[in-house]
Each structure stands twice: as structure tokens, then as C-alpha cells.
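In our numbering, each number is its position in the sequence shown, counted from 1, plus 29.
Quick reminder that beta carbons are idealized off the backbone N, C-alpha and C, glycines included.
Just so we're clear, the structure is a prediction, and the values are computed from it rather than from any experiment.
As C-alpha cells, the structure follows; a few thoughts come after it.
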Amino acid sequence: MSGQSKFDEHADLVQKMAEALGIDLTEAMMAGNWTPEDMQATVKRCLGCTDPAHCKGWLTDNAAGSEETPGYCRNKDLLEAMRVRLTPAS
């Protein structure tokens, strides 16, 4: 897999993980709460994951949403903090 397509694969995983948590990264960016640099750093952490296929399976199993990311996610703390900060309380 080429470097760009691997980056794109992990960018998609980050986007889908955020969506599973109820985070709209596009909206966060428009509100000034998320920058392209934030996304790049988050994807770079994700690129260090040794089992993206497992993540894809988790995302499929949690398509309806989740309150937390799986324990192995390299962006767990960041995404969960964003979820608390950016999503309205139910």
C-alpha cells in the first residue's frame, strides 16, 4: 500500500471513530475546535496502530455509536476528551 493510501485509510478510521463517538470533525473544524494540524497529528498516531483491521471490525460492530473508544486505540484519550467537550449533554 502506498504511503498516501495508507494515510488516507487511517484518516478514514479517525473520521469514523470520531463519528462513532458522536463527534463531527468538520463541524469542530468550522467552529475552530479542530485544525488540519490536529487531524494530521491524530492520523499519525493512528498510523502507529498494528491492527487497523481490528479497528475496522470494532467500527462495524459499533456503527450505531459508542460512549468510548476501544482500549487499544492510540487516540482514545484525545477522542474521548473531544466527545465530552464537543457533544451536547443528553
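Closest by C-alpha distance to Tyr101, when choosing among Ala60, Glu38, Lys35 and Arg74: Just measuring C-alpha positions, the residue of Ala60, Glu38, Lys35 and Arg74 sitting nearest Tyr101 is Arg74.
Could you check which residue in Asn62, Gly51, Cys84 and Met59 has the C-alpha nearest to that of Ala40? Residue Cys84 is the option with its Cα nearest to Ala40.
What is the DSSP secondary structure of Asp80, counted as helix, strand or coil? Here Asp80 sits in coil by DSSP.
If you draw a straight line from the alpha carbon of Lys35 to that of Ala93, how long is it in whole angstroms? Distance between the alpha carbons of Lys35 and Ala93: 26 Å.
Among Thr98, Asp90 and Asp53, which has the Cα closest to the Cα of Met68? Comparing Cα positions, the closest option is Asp53.
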